[in-house]
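Single-structure report; data block below.
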Amino acid sequence: MLTEKLSLTQLLTLIINFLLGSAIVIGVGLEAKRNAWIVVLIGMFIGIVVMLFYFYLISLLPGKNLFEIFEYCFKRPIAICLTVLYVTYFIYVSCRVIRDFGELISSAILPLTPTEVVILTLMLVIGYILYMGIEVLGRTSEIFTPYTFGFMGILFIFLYAGGNIQLFNIEPILAIKPHVMAHAIFPSIAVFPYGELIAFTVILANVTDFKYSKIVCLMGVAIASLILAISVFLIIVTLGENTAIRSNFPLLSAARLVSIGEFIERIDAIVVFMMMLGILIKSSVFMYGGLKGLEYIFKRPFRYFSIPVACIVSMFSIFISTDFSDHIQEGILVSKYLIHLPMEYGIPVFVMGILLFKKWKKEKASRKEMNA
Amino acid sequence: MNYLKKLLAINSKKEIPTHTTPDKAKKIELTKLSLLDLKSQLLHSFGHTADLQIDEAKVGKSNVMIIYLETVVNTDFLKEMLGKTLESPIENDIKVTTMDELKELSKRSFGVSGYEIIKTFDDIVSGILDGRIVLVFEGIPAGLSLSYINSEGRTVAEPTTQTVVRGPKDAFVEDASVNLNLIRKRIKNHNLHFEKFMIGNESRTTVYMGYMNAIVNEKILVEVRKRLKKINIAAVFESANIEELIIDKTATVFPLAMNTERPDSAASNLMDGKIVIITDGTPFVLMVPVVLTDFFTSAEDYYQNYFMSSFVRLIRYLSFMIGLLMPSAYVGVLTFHPELLPTTLLLSIIAQREGVPFPAVVEVFIMEITFEILREAGVRMPRAVGQTVSIVGALVIGQAAAEAGIISNIMVIIVAITAIANFVFPNYSFANASRLIRFILIIVASILGLYGVLLVLVFMVAHLSSLRSFGVPYLSPVAPFVVEDQKDVFIRFPLWSINKRPSYLSTNETKKQQKTDSPSPPVPEGGKKN
């Protein structure tokens, strides 16, 4: 089987789009109301720490992905159990991400089209991309990323030129109780979107220049956080905190305010494009994690699973919740504590402990041999 | 199960007998044949074809048989030359009886014009077919084949499909040797190599693979050579046949090899480290490997001011998007998202569409299909009726349809701009790809609106990024992104600043030339140099 390699630029764009993913669709840190943008900026540092942690975990055994690390730490049966757990988790998150997008399209763009159709068509495209391999995903993301930047810039300029930006909306700055702020930062923003970077523990094994990928990863996290902060800032500043919190898709609502000279109006299309790209990459990366897990379990090339798993994802993205509010509620109350926290932090920390212990033991043994 | 296996075994044993596969034809040594036998053998294999000439003559004191196809041999030249050399006084009382004497004779008489000594019957046959004259001396187990090919064909003329305002006006012709000459004239370098292949089991077409030995990437060269050798097909008539047989993947609408009829663009691609494939019998020369951005590049980009070239290139990319997206965007916006349009524009469109009985998608389809029909008719029709089609087309597609209330006026504009945008490409084969995708986009836009359009675009980009042309990623140098290659992609930098060959070709010699400075006015004497 051909080994696929990601270039550093591709890794960078993947991380940026991954973090923007659903965060830009449903907004992030809005619990902190008008201080949300500060939360995101602080979140940037948490994201960097989280990224460093995952990167350290992967660099302990270079060239091996998360599942192979499980095998190194435990025996294969236990590793398979853990892998099954992670495959389920990755596919579940992929479902959630796609559901976000399906809800966005069916409530804002195509109200008469069933969500199922929207989700299935997008998932089939993702299935095709992953069938072609991670390289194709990387290149696709590489091509579309400049548009994301461009559209963000255009949105900013248009909102500013249209006179929609009212700075008093974010004042007074930092007038918030510390514990609310802290709660918005941890666990909320640490879990979503930064904790989800766990999916990159599967991808990082495919990067060409492992040496430089650390700095590239951190750059990706920083750039994505800045874009997120800008988007949250725009949301608060244009909509005001009350509307922003009530709105299902705050950035889209903000974009709809744009009206310049009665000609440039309704630039929803470009915002939806931006969101679609983020969702596409994020869902693909998670699904790729799941596929790699399946590859590890069944010892078959992952691409044969891609279309069937894409169908499964599109089906379960409908089944996981009855409607949009249910979906959001599940994200805030249930999956955050029961699923994300243990899968993103619990198990990796545990695995890393064992890994370090094993390495230490090995080193000790080898040192003994040297002495003897 | 056993029965099935037996059945399969029987089926697989059956081989379809090919007529005259050169490899499998029996090798008859000439020793065994007398002149008469040879004649009957030849008549047997050529089947009394009208243009086969078997003359018997005498050179000095030995009998000679002269065999050729009079339709492919330059007969005037033949009579003159052969008569002069063979009947010269030196040869008059010579009797050729041994191989050495034959070699001596050919060296003396044909040393300048080129000869070949052949020893088998098959070589005689293929020599005759290649347009050579074969001389067989009685009693010698070898023949002499001389080249007097009648190279009749078009003379070099202006290119018809890839025209430029400023630049060389010569184009390739059907004759491969003329084409080689056209390239040789442009690159006077000993590193320019041509390898010869015989492709087509029955047609035996000559195909040349040309490359700059010092520049080309060895791996790509080996790959192209391997694929050319692997071709197994009865006949080749156009380089498109070869293209289809050697590209990496066939299930795609995008061309994975470039064709050109301009010697200058072939030469400049050779200098970049690409490989040209010249097929005898067609003026279209293939160039591999190719990347997507090559199709947006015209030879003229390098013959005019670089600001202008860059602007024109951007226009090409824009018109690609227009040609691809305009009709589907119309359908999508009008069917699903009318709110995206400014109110006044929307009102005027709606007012125009008031009398139109069809939904937008049907309207678009009627017009697009009509246009495709007109276009196909325009290509195929005899020249004499050309006027009729264009007048009828302009009237039908334009005014009459709108006045009859079948379509709206804005639709005419959209079809027209789409059509014009499609003709911008310097390379015809790429325009065809976008024609097909346009129809897919229209259908999807009528079902899923702009979301569907985006979806197809993402799918298209994913498909493009999975393509490779002889191992080179199709979307390079954009994805994978290479900064230093950007000097000649979307905008063209001045020539003196492009010092490197495209890195995705990973050529042997990456530098085009030493670093040069931009031209500057002379420093005035005694003045300070700034």
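The listed protein sequences derive, respectively, from chains G and A.
FYI, my numbering numbers position 152 of the first sequence as 152, with every residue one higher than the one before it.
Quick note: to get my numbering, add 1000 to the position in the second sequence (first position is 1).
By construction, the Cβ of each residue, glycine as well, lies at the ideal position given by its N, Cα and C atoms.
Check: What are the residues of the stretch 291 to 323 of chain G that lie near chain A, defined by any Cβ-Cβ distance shorter than 9 Å?; Outcome: none
Check: Ends of the beta strand (DSSP E) at M1381(A)?; Outcome: Segment: none, M1381(A) is in no beta strand (DSSP E) and carries neither H nor E.
Check: Given that F1481(A) touches chain G, what residues does it touch there, using C-beta distances under 7 Å?; Outcome: T9, E142
Check: Report, in whole angstroms, the separation of the C-beta atoms of R1501(A) and G1273(A), which I expect to be a contact under 8 Å.; Outcome: 5 Å
Check: What's the gap between the Cα of P1159(A) and the Cα of E262(G)?; Outcome: 49 Å
Check: Considering only DSSP beta bridges, list what Y1115(A) is partnered with.; Outcome: L1146(A)
Check: Whose C-alpha, out of E265(G), I78(G), T322(G), A244(G), is nearest the C-alpha of G27(G)?; Outcome: A244(G)
Check: In this structure, does DSSP put T1021(A) in helix, strand or coil?; Outcome: With a pLDDT of 44 at T1021(A), under the threshold of 50, the modelled position of that residue is not reliable, and no figure is offered here.
Check: Name the chain A residues that come within less than 8 Å of T121(G), Cβ to Cβ?; Outcome: L1448, G1452, L1455
Check: For a contact meaning CB atoms closer than 7 Å, what does I129(G) contact in chain A?; Outcome: A1462
Check: Helix, strand or coil, according to DSSP, for K1511(A) in the structure here?; Outcome: strand
Check: Let me know the alpha helix (DSSP H) ranges lying completely inside the stretch 1042 to 1074 of chain A, each 4 residues or longer, listed in chain order.; Outcome: none
Check: Whole angstroms are fine: how far does the CA of V216(G) sit from the CA of I223(G)?; Outcome: 10 Å
Check: So Y960(A) is in the beta strand (DSSP E); what residue range does that whole segment cover?; Outcome: Limits of chain A in this structure are 1001 at one end and 1530 at the other, which puts residue 960(A) out of reach.
Check: Check the DSSP bridge columns for V207(G) and list the partner residues they point to.; Outcome: L6(G)
Check: Could one say the Cβ of F273(G) lies closer than 7 Å to chain A's Cβ atoms, at least one of them?; Outcome: yes
Check: Name the two residues that bound the continuous beta strand (DSSP E) containing T1343(A).; Outcome: Here T1343(A) belongs to no beta strand (DSSP E); instead the alpha helix (DSSP H) covers 1343 to 1352.
Check: Does the count of Cβ pairs from the stretch 102 to 115 of chain G and the stretch 301 to 310 of chain G closer than 8 Å reach three?; Outcome: no
Check: From which residue to which residue does the alpha helix (DSSP H) around V313(G) run?; Outcome: 303 to 319
Check: Could you pull out every residue in the same chain whose Cβ sits closer than 6 Å to the Cβ of F233(G), ignoring the five residues on either side in sequence?; Outcome: W37
Check: Take the Cβ of C81(G) as the centre, count every other Cβ of all protein chains shown within 10 Å, and call the residue buried at 16 or more, exposed below.; Outcome: exposed
Check: Residues in the same chain with beta-carbon distance under 8 Å from F984(A), minus the five sequence neighbours each way, listed in chain order, please.; Outcome: Nothing in the structure corresponds to residue 984(A), since chain A is present only between 1001 and 1530.
Check: Out of L19(G), Q10(G), E265(G), S59(G), which one is the CA nearest neighbour of F286(G)?; Outcome: L19(G)
Check: For a cutoff of 7 Å on Cβ pairs, would you count E1223(A) as touching chain G?; Outcome: no
Check: With burial defined as no fewer than 16 other Cβ atoms inside 10 Å of the residue's Cβ, what is the status of Q1399(A): buried or exposed?; Outcome: exposed
Check: Along the chain, where does the alpha helix (DSSP H) that runs through T1252(A) open and close?; Outcome: Taken as a continuous stretch (DSSP letters only), T1252(A) belongs to no alpha helix (DSSP H), as it is neither H nor E.
Check: Which word fits Y56(G), buried or exposed, when buried means at least 16 other C-beta atoms lie within 10 angstroms of its C-beta?; Outcome: exposed
Check: Using a Cβ-Cβ cut-off of less than 9 Å, give me the residues of the stretch 84 to 112 of chain G that come near chain A, in sequence order.; Outcome: I105, I109, L110, L112
Check: Quick one, which of A199(G), G162(G), I134(G) has its alpha-carbon nearest V258(G)'s?; Outcome: G162(G)
Check: Do E344(G) and G195(G) count as a contact pair if the criterion is CB distance below 7 Å?; Outcome: yes
Check: Does the stretch 350 to 358 of chain G come into contact with the stretch 48 to 63 of chain G, if we say contact requires no fewer than three beta-carbon pairs (one atom in each stretch) closer than 8 Å?; Outcome: yes
Check: By how many angstroms is the C-alpha of E1116(A) removed from the C-alpha of N1232(A)?; Outcome: 28 Å
Check: For the beta strand (DSSP E) holding F1194(A), just list the boundary residues, first then last.; Outcome: 1192 to 1199
Check: Count the other C-beta atoms from every protein chain shown that fall within 10 angstroms of the C-beta of L333(G), then say buried if there are 16 or more, exposed otherwise.; Outcome: exposed
Check: Scan the stretch 168 to 201 of chain G for residues whose Cβ lies nearer than 7 Å to a Cβ of chain A and list them as they occur along the chain.; Outcome: none
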